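First residue of the sequence shown: 1, per this note's numbering; consecutive thereafter. The C-beta atom is built at its ideal place from N, Cα and C for all residues, glycine as well. As the structure is a prediction and not an experimental result, all values here were calculated from the model. Some notes on the structure that comes next.
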Amino acid sequence: MPENTRLLPLIRSRATSFRHTYEVMVKEAFSSGEGNKTIHSGEYGMYRERLLENLLKTFLPRHIETGTGFIIGRKGDTSTQVDIVLFDADETPKVEDAAFRRFYPLETIVAVGEVKSSLKKSEIVNVLKKLRKVKELTRDGPETPIPVRPSWRAAEVVIEQAKHRIQIEQDKKRGHCKKSVSDRMHELLREDYNPIENHWQNKVSFVVCSDIAGGSKAMKDEITSFTSRVTSEDEASMDHNMFLSLADGYQTYAHNGKAHLYPRVMMNDGTTNARATMSFIAADDDCNHIIAFVSDLCSAVSDVAVYPFRITDHVELTREHIKW
Numbered sequence: 001m002p003e004n005t006r007l008l009p010l011i012r013s014r015a016t017s018f019r020h021t022y023e024v025m026v027k028e029a030f031s032s033g034e035g036n037k038t039i040h041s042g043e044y045g046m047y048r049e050r051l052l053e054n055l056l057k058t059f060l061p062r063h064i065e066t067g068t069g070f071i072i073g074r075k076g077d078t079s080t081q082v083d084i085v086l087f088d089a090d091e092t093p094k095v096e097d098a099a100f101r102r103f104y105p106l107e108t109i110v111a112v113g114e115v116k117s118s119l120k121k122s123e124i125v126n127v128l129k130k131l132r133k134v135k136e137l138t139r140d141g142p143e144t145p146i147p148v149r150p151s152w153r154a155a156e157v158v159i160e161q162a163k164h165r166i167q168i169e170q171d172k173k174r175g176h177c178k179k180s181v182s183d184r185m186h187e188l189l190r191e192d193y194n195p196i197e198n199h200w201q202n203k204v205s206f207v208v209c210s211d212i213a214g215g216s217k218a219m220k221d222e223i224t225s226f227t228s229r230v231t232s233e234d235e236a237s238m239d240h241n242m243f244l245s246l247a248d249g250y251q252t253y254a255h256n257g258k259a260h261l262y263p264r265v266m267m268n269d270g271t272t273n274a275r276a277t278m279s280f281i282a283a284d285d286d287c288n289h290i291i292a293f294v295s296d297l298c299s300a301v302s303d304v305a306v307y308p309f310r311i312t313d314h315v316e317l318t319r320e321h322i323k324w
């Protein structure tokens, strides 16, 4: 396929500017002048996050916005603070506490990311464990798993609903179903929800850093070691999707020689998942590794299911019914 001679230079220009500012200008602006020490480390971290947000906003659809804060599961489980949250602006409420810390319902986010400067090998493990814990929140899922986005996923669920309704009505005629149609429908939809097997019902997670101590070999070795230590395929589904080191390269996955954005892949029989293999793009002066990361992230989040937020799915209300 021929390169788009108009679009590609614009994308490469943005990627190059982002890399230079992230790696050089930010360090100089926050340097204490004493070795590698920085001043105002909190502001340093926030500035890195803003740089990445500005890059992503150039290419993400308008309904997806970026922020920072905590992720709340339906049963009240809350993540630690996440550096970058990608969420659906139309469906996400603005929930803040008295300290103006923001909380995002799990149903309406599409991705979470950690943004770092230099990472040591041990720190790679810590950040990947943190992202895995956030994705673990998806196991419970929304009370009624009918997505509002993307449209093709919503259409697939509507088709499944129609199939379930036919089956329920047949079962009721035969006396095999004592529950109401709505109650049985809700049960079947909950059974269809499976973020372990269905990547689009899970969330996307990623890491961006300036460099890895030990270079690209240490990066590949440590990520491979971490992902190989999983104890079950369920746990493997919660692994990160993408890891970008500006100085070293970009890691995601592959299957049958083709790029794959998820740690597991659905096999041809449609019923079983297998581990994907590692894919790595080395860093270069043209910033192709950064372009690949942005392209893959935008592609992946466009397929993540967004569900409507309902307060009563998170808060149990006791109602007193009065007969007038």
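query                                                                                                        : result
E65: first and last residue of the uninterrupted beta strand (DSSP E) it sits in                             : I64 to I72
Short Cβ contact (8 Å threshold) for S210 with L246                                                          : yes
Proximity of V204 and L244 at Cβ, strictly below 8 Å                                                         : no
Length of the line joining the Cα atoms of N126 and L119                                                     : 10 Å
For G76, three-class secondary structure by DSSP                                                             : coil
Simplified DSSP state of C177, which is helix, strand or coil                                                : coil
Selection from R184, A276 and H176 that minimises the alpha carbon distance to T224                          : A276
Buried/exposed call for S79, threshold 16 Cβ in 10 Å                                                         : buried
Sequence-distant residues of the same chain with beta carbon closer than 8 Å to R101, five excluded per side : G69, F70 and Q81
Separation of M46 from H40, as counted between CA atoms                                                      : Annotation note: pLDDT 46 at H40 (below 50); position unreliable, no value reported.
Selected residue, minimal CA-CA separation from L128, among P147, I166 and E235                              : E235
Rounded straight-line distance, which links the Cα of E160 to that of S131                                   : First, the amino acid is wrong: residue 131 is Leu here, not Ser. Rounded to whole angstroms, L131 to E160 spans 31 Å at the Cα level.
Beta-ladder partner(s) of L244, from DSSP                                                                    : V208 and Y250
Residues near R184 in its chain [Cβ-Cβ closer than 7 Å; skip 5 each side]                                    : I168 and C177
Boundaries (first-last residue) of the beta strand (DSSP E) holding R279                                     : Position check: residue 279 holds Ser in this sequence, whereas Arg was assumed. Unbroken beta strand (DSSP E) run through S279: T277 to A282.
Nearest-angstrom Cα separation, counted from Y104 out to V95                                                 : 7 Å
Extent of the continuous beta strand (DSSP E) to which P93 belongs                                           : Element bounds for P93: n/a, residue is neither H nor E.
Option in L52, E143 and L60 with minimal Cα separation from R74                                              : E143
Sheet register partners of D88 (DSSP bridge)                                                                 : I64
Identity of the residue in L55, A89 and R50 nearest I64 by Cα                                                : A89
Identity of the residue in R149, I166 and L106 nearest T138 by Cα                                            : L106
As assigned by DSSP and simplified to three states, the class of P105                                        : strand
Buried or exposed by the 16-neighbour rule on C-beta atoms within 10 Å, applied to A292                      : buried
Cα-Cα separation between M278 and N256, rounded to whole angstroms                                           : 11 Å
Cβ neighbours of P195 in the same chain (closer than 6 Å, five flanking residues each side left out)         : T138, Q201 and N202
Reduced DSSP category for L317 - H, G, I as helix; E, B as strand; rest coil                                 : coil
Pick from D192, G249 and V304 that is closest to G215, judged by C-alpha positions                           : G249
C-beta contact flag for V329 and V306 at 8 Å                                                                 : In the structure as shown, the chain begins at 1 and stops at 324. Residue 329 is therefore absent and cannot be evaluated.
Secondary structure of S232, DSSP reduced to three states                                                    : coil
Whole-Å CB distance - A111 paired with V301, under 8 Å assumed                                               : 5 Å
Burial state of H164, where buried means 16 or more other Cβ atoms lie within 10 Å                           : buried
In DSSP terms, what E114 is bridged to                                                                       : V207
Assigned exposure category for G76 - 16 Cβ within 10 Å defines buried                                        : exposed
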